[in-house]
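Numbering (this note's numbering), first residue to last: 65 to 423.
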């Protein structure tokens, strides 16, 4: 069996190892959602990852309601991202753009409009706005005639991502955002072609995936799912009945890889859950590289790949404070803790590009 440090191909993307940098929203962009120069330094520092999955990147103003997060719907944003992808490629790395519509998780003070979702609902907790934290607002249900525009926004963002020099894209269909909200019966109460049956709830993800594949080719497309447990108030009563068919559908469409964020009873990020992990069953229906994520330790990651439970492991928070994570994992060097107070911007270099490399 391969090891965590062996090469792997994610479709057309040739990765030097199986250590993946998970998407991490760090909020270092400007108010115009344009990447800032320091972001090129940040991602370049982490280019030794086999594959970098960018922070979640808004496909439209409607879909991006987090202060100081990035977008990729206009030319200025494309130019900003080009500096980032150039920095990664100059150091021999690979990077894909995670395409994001936040659904009900946006705030009108950022987007200028009421949040949208499959059905009227309000997310629990608070969101980061330019004025500070604010409670989430009630979302309205998307009309049927609006859905083709959502699909086109994903396609447009995928085109822009390739123009910006990304090696591919990842469709964000996890963590309680728009596509995940359509998948799960806790947030999707529609009675039309996009609600009710599992087939109907999969419809938007299928249409988005087909549109993105048409633009950039299946060999450049990955998808992220969070198949078990509650995330940001989004949950399904029978996830096995939804996410195994979803994985089979994505396999049939030909996507290059699938990443799963899986919670457990001991999860400290998000909500702990007793709903079982579905990766063993998903592995039976998804035949291309499977990437697993959720608080893996070094030993757990090595074991998961060695035993064939996963083809690669994505690490999130460890990449905040360990830009040279591949080396630290390979040589079993100490891992640095990150400063929670500096995870989200706008704070410049502090807690962003100032974590030291191992000597």
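Heads up, the beta-carbon is just placed ideally off N, CA and C, and yes, glycines get one too.
In DSSP terms, what residue i is bridged to
i, result
"residue 379", "85"
"residue 265", "None; residue 265 has no bridge partner."
"residue 355", "323 and 376"
"residue 197", "192"
"residue 298", "295"
"residue 407", "Looking at the DSSP assignment, residue 407 forms no beta bridge with any residue, so it has no partner."
"residue 134", "121"
"residue 163", "121 and 235"
"residue 203", "185"
"residue 79", "72"
"residue 285", "233"
"residue 116", "85 and 159"
Cβ shell of residue i (< 6 Å), same chain only, five flanking positions each side left out
i, result
"residue 88", "119 and 380"
"residue 146", "228 and 229"
"residue 345", "308"
"residue 96", "none"
Residue from the options with nearest C-alpha to residue i
i, options, result
"residue 129", "110, 316, 344 and 200", "200"
"residue 328", "69, 250, 356 and 420", "356"
"residue 66", "401, 373 and 412", "373"
"residue 58", "185, 160 and 378", "What the structure shows of the chain is the stretch from 65 to 423, and residue 58 is not part of that stretch, so it cannot be assessed."
"residue 187", "202, 402, 197 and 196", "202"
"residue 213", "195, 392, 268 and 259", "268"
"residue 209", "195, 220, 258 and 301", "258"
"residue 237", "189, 337, 167 and 395", "167"
"residue 388", "69, 412, 94 and 109", "109"
"residue 126", "194, 263 and 172", "172"
"residue 256", "221, 300, 220 and 211", "211"
Contact under 8 Å by Cβ, residue i with residue j
i, j, result
"residue 180", "residue 215", "no"
"residue 282", "residue 320", "yes"
"residue 85", "residue 419", "no"
"residue 178", "residue 204", "yes"
"residue 159", "residue 106", "no"
"residue 251", "residue 340", "no"
"residue 131", "residue 174", "yes"
"residue 342", "residue 375", "no"
"residue 266", "residue 247", "yes"
"residue 303", "residue 292", "yes"
"residue 104", "residue 148", "yes"
"residue 436", "residue 111", "Only positions 65 to 423 of the chain appear in the structure, and residue 436 is not among them; the question remains open."
"residue 116", "residue 152", "yes"
"residue 286", "residue 245", "no"
"residue 332", "residue 359", "yes"
Beta-carbon contacts of residue i that lie in its chain and below 8 Å, excluding the five residues immediately before and after
i, result
"residue 223", "279 and 280"
"residue 218", "123, 163, 165, 235, 272, 275 and 276"
"residue 386", "392, 399, 400 and 419"
"residue 100", "92, 93, 94 and 144"
"residue 369", "65, 66, 67, 68, 82, 375, 376 and 377"
"residue 190", "197, 198, 199 and 200"
Rounded distance between the beta-carbons of residue j and residue i, thought under 8 Å
i, j, result
"residue 330", "residue 295", "At roughly 16 Å, the Cβ-Cβ gap does not stay under 8 Å, so residue 330 and residue 295 are not in contact."
"residue 289", "residue 310", "6 Å"
"residue 232", "residue 298", "That belief does not hold up - the Cβ atoms of residue 232 and residue 298 are roughly 26 Å apart, past 8 Å."
Contact set for residue i: own chain, Cβ-Cβ below 7 Å, skip 5 residues either direction
i, result
"residue 410", "91, 92 and 132"
"residue 347", "354"
"residue 313", "266 and 270"
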